[in-house]
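Everything below concerns the one structure shown next.
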Amino acid sequence: MESVVSMRKIQKRFPGVHALDDAQIEVYQGQVHGLIGENGAGKSTLMKVLAGIYEKDDGSVVVKGQSVSYKTPTDALSDGVCMIHQELNLLPHLTVADNIYIGREPKKGIFLDKKKTVADARAVLESLNLDIDPEEQLSRLSVAKQQMVEIAKALTYDADILIMDEPTAALTDSEIEDLFRFINDLKAKNVAIVYISHRLEELKKITDVVTVMRDGQYIDTVKTSETELSQIISMMVGRTIYVEPKAHSMVAPDAPVVMRVEDLESPDVHGVGFDLYRGEILGLAGLMGAGRTETARLIFGADPKTGGQIYINGSEARINSPMDAVGCGIGYLSEDRKTFGLAVGLSVADNTVMASLENYMRGIVVDEGKIADAASDMVDKIGIKTPSLRQLVRNLSGGNQQKVVVAKWLVRNCDILIFDEPTRGIDVGAKSEIYKLMSQLISEGKSIIMISSEMPELLRMSDRIVVMNEGFKTGEVKIEEATQESIMHYATTRIH
Amino acid sequence: MGGKSGIVTNEVGVKRFDLQKLLTAASLVLLLVFFMTYGYFARGLDIASFSVNILESAYYIGFLAIGVTFIIITGGIDLSLGTVMMCGALVGGTAFNTWHLPMVVSLILILVTTTLFGLLNGFLVARLKLPPFIATLGTMMIAQGFGATIANVQTQRFPTMADEGGWFKQVFLRTQDGVPVGIIWFLVLFVIAFFLLNKTRFGKYTFAIGSNAEAARLSGINTQRWLFLIYMVSGIFIGFAGILYAATFTTVIPMGGAGLELQGIAAVVIGGTSLSGGSGSLSGTIIGVFIMATLKVGLMAVGIPQQLQTLLIGVVVVLAVMMDIYRQNSANRIKS
Numbered sequence: 001m002e003s004v005v006s007m008r009k010i011q012k013r014f015p016g017v018h019a020l021d022d023a024q025i026e027v028y029q030g031q032v033h034g035l036i037g038e039n040g041a042g043k044s045t046l047m048k049v050l051a052g053i054y055e056k057d058d059g060s061v062v063v064k065g066q067s068v069s070y071k072t073p074t075d076a077l078s079d080g081v082c083m084i085h086q087e088l089n090l091l092p093h094l095t096v097a098d099n100i101y102i103g104r105e106p107k108k109g110i111f112l113d114k115k116k117t118v119a120d121a122r123a124v125l126e127s128l129n130l131d132i133d134p135e136e137q138l139s140r141l142s143v144a145k146q147q148m149v150e151i152a153k154a155l156t157y158d159a160d161i162l163i164m165d166e167p168t169a170a171l172t173d174s175e176i177e178d179l180f181r182f183i184n185d186l187k188a189k190n191v192a193i194v195y196i197s198h199r200l201e202e203l204k205k206i207t208d209v210v211t212v213m214r215d216g217q218y219i220d221t222v223k224t225s226e227t228e229l230s231q232i233i234s235m236m237v238g239r240t241i242y243v244e245p246k247a248h249s250m251v252a253p254d255a256p257v258v259m260r261v262e263d264l265e266s267p268d269v270h271g272v273g274f275d276l277y278r279g280e281i282l283g284l285a286g287l288m289g290a291g292r293t294e295t296a297r298l299i300f301g302a303d304p305k306t307g308g309q310i311y312i313n314g315s316e317a318r319i320n321s322p323m324d325a326v327g328c329g330i331g332y333l334s335e336d337r338k339t340f341g342l343a344v345g346l347s348v349a350d351n352t353v354m355a356s357l358e359n360y361m362r363g364i365v366v367d368e369g370k371i372a373d374a375a376s377d378m379v380d381k382i383g384i385k386t387p388s389l390r391q392l393v394r395n396l397s398g399g400n401q402q403k404v405v406v407a408k409w410l411v412r413n414c415d416i417l418i419f420d421e422p423t424r425g426i427d428v429g430a431k432s433e434i435y436k437l438m439s440q441l442i443s444e445g446k447s448i449i450m451i452s453s454e455m456p457e458l459l460r461m462s463d464r465i466v467v468m469n470e471g472f473k474t475g476e477v478k479i480e481e482a483t484q485e486s487i488m489h490y491a492t493t494r495i496h
Numbered sequence: 497m498g499g500k501s502g503i504v505t506n507e508v509g510v511k512r513f514d515l516q517k518l519l520t521a522a523s524l525v526l527l528l529v530f531f532m533t534y535g536y537f538a539r540g541l542d543i544a545s546f547s548v549n550i551l552e553s554a555y556y557i558g559f560l561a562i563g564v565t566f567i568i569i570t571g572g573i574d575l576s577l578g579t580v581m582m583c584g585a586l587v588g589g590t591a592f593n594t595w596h597l598p599m600v601v602s603l604i605l606i607l608v609t610t611t612l613f614g615l616l617n618g619f620l621v622a623r624l625k626l627p628p629f630i631a632t633l634g635t636m637m638i639a640q641g642f643g644a645t646i647a648n649v650q651t652q653r654f655p656t657m658a659d660e661g662g663w664f665k666q667v668f669l670r671t672q673d674g675v676p677v678g679i680i681w682f683l684v685l686f687v688i689a690f691f692l693l694n695k696t697r698f699g700k701y702t703f704a705i706g707s708n709a710e711a712a713r714l715s716g717i718n719t720q721r722w723l724f725l726i727y728m729v730s731g732i733f734i735g736f737a738g739i740l741y742a743a744t745f746t747t748v749i750p751m752g753g754a755g756l757e758l759q760g761i762a763a764v765v766i767g768g769t770s771l772s773g774g775s776g777s778l779s780g781t782i783i784g785v786f787i788m789a790t791l792k793v794g795l796m797a798v799g800i801p802q803q804l805q806t807l808l809i810g811v812v813v814v815l816a817v818m819m820d821i822y823r824q825n826s827a828n829r830i831k832s
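In the order they appear, the protein sequences are chains B and C.
The numbering used here puts the first sequence at residues 1 to 496.
The numbering used here puts the second sequence at residues 497 to 832.
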């Protein structure tokens, strides 16, 4: 059988990232083709190349026997290729019918032909066995139904190659059932479907074949029915690790618990709890949307929690705001340092003392001399490369910006540091400096919670790893027993 | 972004900024020279009284502008400046004329009134998290209506220098011999504001909130409380503007004051403080204030009709805002 989509040797680079490196995929009519990989494996990027959202740097794309190079999503759509995004491109205040025919409304003279719009929409929905009223306002439908409307809309453009990016992320179990029934109907109509997901059980249920990607590369394509989940997991994580993982925990056996988190609750976090020992790096692993950042923000008081307790050195700490958390000696280094960590329009010195300005006062006057001393101490101690203390943080490199955030919390004398994706977006050299800095902090008796999506980083730095999925804690492994496979297993385990 | 290229562009950025301040100061000098020479030779202008006139119309706009500089640096805005100032002056006038309170109490009431409005703005913006534009638009009308109500819609006349209570003009504006003592108040308040903005936590946090409010909050700073304080302090400065307005113009008309806020804000923007927050300076604001005052007095002195004065000042305001947007765009280009 001839494939409807054939992508070969696709290359795509973004500044600083080799997003796709010899990626490939073959999609056939009437097949559901799963596409799986860790965060950043390049699944979405590959499909965005197919759908005309990104342009490839190199490689060939053949759709229905024609070599193509789409410049816009409209180009792709005219060949029947349509990508359904996680965030839907619909207008919530319009009706279902209006949404389907937006931009090409049936007209009678100069007026809109509402009757025909509704009748056409109804015909489309019925042909797809969808029980949706075309005159209903879109926002009244469930997310799953809205997704189906978007798919129906794509089909009215004669789309027969559908790409679905994490379609079930926002759906309940019964909605997922609905969606799967619908996908099977589409399959019967000979539509080709690419289904991006990191929920393994779903792939097992709905797909015919699965292509695994890792670090922008094609790994393998396998028949779903003939493959075990554990095989897929080992393909997802089976990279060679260039840096040896930590052989054993560096935490002293009699180290006291500095922080205990119990039953943390919020809309995104469900009953998460763990201990953090003095001098420990506790890794927090999970896939995108696992609730790790949300957990960190709850601990730090950045978002309101609906339940749970936090104990610092054995006594309960009431943390309802970042101010409270800072008072308890907790510092939080956000994954998005420019939005949450730094005032990039201010100087290195000002950012360094931002969390502890009250300690740098002489009466009511800010003691600039003392601030300069503290900041230059930090510049030396953790090696911030900056031409001067008055340099605006905006002009530093990513790694040095990250160090300024670290400096901010060290100056505040925080004993518990939460590093959220500490090496995201910084280059390899700066990465190893951040690692060195973390080890140095540990040796000084600080404790660290490290959220990371990079498996090698987790294995190299952590003394213990807590794994989360969909807001739940799904596992906890000692570093001596941790493998990429065991972590990925927990990261895809569903509880509820 | 590579570290090296970042540093290079920063130097460009710094140069651009200094150059701009220099240009603003230079255009102030140019304006002054132009009006003085043209006025002197063509219309027999009295340079001394011309200068005093500029000073005296700079006082109240200056205090408004100094106060709102803090707010604009936080990334906020205050549209209620003008009517709050008028409301304060009306309350003071009514206290003196109708309630027969001593002048000193009346003046204190001006300060109390504007400070309370500052607190109201602070409450709406910091606590209830209303957008500053909308919140202060509301306060603007509340202050206008409140002042007129208190004054019973009567024009409030402050005493002239010779009358009972007229001492306040000699203290705040100029002595009987014509010495412009107002400049002393102006300098004192400017120095206090400068100290607050550049030497205290209050000032540091003003910049921090404007630069990145969420990062400031996540650094454990009580951003709500500081924002509240910033609006309150601005209210105090508006109070001094009210006192100087009363001293300068003697009569205060109910339902007036709308439009003055834009003169204050324009002065701040001309002075190089960015409407998007995070950067700015009081020295720039002062230059901006004197540009506004020179234009007002100068255009009048050379006989430009009122309607054309308004038009020209409007043009200057538009130019200033365009400059701010241009500056933002080039700063963004440097970032990326």
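Where a beta carbon is used, it is the ideal one built from N, C-alpha and C, also for glycine.
Taking only beta-carbon atoms, is residue i less than 9 Å away from chain C?
i        : result
B/Pro304 : no
B/Glu358 : yes
B/Met354 : yes
B/Arg412 : yes
B/Phe340 : yes
Residue i lies in the alpha helix (DSSP H); which residues open and close that run?
i        : result
C/Ala631 : Pro628 to Ile646
B/Cys328 : B/Cys328 -> no alpha helix (DSSP H), and no H or E assigned at all.
B/Ile84  : From DSSP, B/Ile84 is part of no alpha helix (DSSP H) but of the beta strand (DSSP E) over Val81 to Ile84.
B/Leu162 : Run containing B/Leu162: none in the alpha helix (DSSP H); it sits in the beta strand (DSSP E), Ile161 to Asp165.
B/Arg122 : Lys114 to Ser127
B/Glu177 : Asp173 to Ala188
B/Asp58  : Here B/Asp58 belongs to no alpha helix (DSSP H); instead the beta strand (DSSP E) covers Asp58 to Val63.
Looking at chain B, is there any beta carbon in it that lies within less than 9 Å of the beta carbon of residue i?
i        : result
C/Glu552 : no
C/Thr696 : yes
C/Gly774 : yes
C/Asn825 : no
C/Arg623 : no
C/Leu714 : yes
C/Glu710 : yes
C/Asn506 : With a pLDDT of 40 at C/Asn506, under the threshold of 50, the modelled position of that residue is not reliable, and the figure given next carries that caveat. Judged by the 9 Å Cβ criterion, C/Asn506 is in contact with chain B.
Just to confirm my understanding: we take residue i, look at its own chain, exclude 5 residues before and 5 after, and list those with CB closer than 7 Å. What are they?
i        : result
B/Gly301 : Ile319, Asn320, Ser321, Pro322, Asp324 and Ala325
B/Val406 : Leu333, Ile382 and Leu437
C/Lys500 : Its pLDDT being 33, under 50, C/Lys500 is placed unreliably by the model, and nothing is read from it.
C/Val817 : Val765
B/Asn129 : Asp185
Within 10 Å of its beta-carbon, does residue i have 16 or more other beta-carbons around it, so buried, or fewer, so exposed?
i        : result
B/Lys408 : buried
B/Tyr195 : buried
C/Ala522 : exposed
B/Leu342 : buried
B/Val344 : buried
C/Leu526 : exposed
B/Glu294 : buried
B/Asn400 : buried
Which first and last residues belong to the beta strand (DSSP E) in which residue i is found?
i        : result
B/Tyr277 : Val269 to Tyr277
B/Glu560 : The requested residue 560 of chain B is not part of the displayed model; chain B covers only 1 to 496.
B/Met450 : Ser447 to Ile451
C/Gly571 : Run containing C/Gly571: none; DSSP gives neither H nor E here.
Does chain A have any CB closer than 9 Å to the CB of residue i?
i        : result
B/Gly327 : No chain A is present in this structure, whose protein chains are B and C.
Within the same chain, show all residues whose beta-carbon is closer than 8 Å to that of residue i, passing over the 5 residues directly before and after it, in chain order.
i        : result
C/Gly498 : Annotation note: pLDDT 33 at C/Gly498 (below 50); position unreliable, no value reported.
Got a sec? Which residues, its chain only, sit under 6 Å from residue i by beta carbon, not counting five neighbours each side?
i        : result
C/Ala554 : Val785, Phe786 and Ala789
C/Val813 : Ala762
Stretch pair the segment 765-772 of chain C + the segment 681-698 of chain C: three plus CB contacts closer than 8 Å: Inter-segment contact for the segment 765-772 of chain C and the segment 681-698 of chain C is absent: fewer than three beta-carbon pairs are separated by less than 8 Å.
Contact the segment 431-451 of chain B vs the segment 280-288 of chain B: 3+ CB pairs below 8 Å: Because the criterion of three Cβ pairs below 8 Å is met, the segment 431-451 of chain B and the segment 280-288 of chain B touch.
Meets three-Cβ-pair contact criterion under 8 Å: the segment 753-765 of chain C and the segment 649-669 of chain C: Contact fails: fewer than three Cβ-Cβ distances are below 8 Å.
Stretch pair the segment 6-17 of chain B + the segment 55-63 of chain B: three plus CB contacts closer than 8 Å: Contact between the segment 6-17 of chain B and the segment 55-63 of chain B is present, because at least three Cβ pairs lie under 8 Å.
Three-pair Cβ contact test at 8 Å for the segment 353-373 of chain B versus the segment 693-708 of chain C: Result yes; three or more Cβ-Cβ pairs closer than 8 Å.
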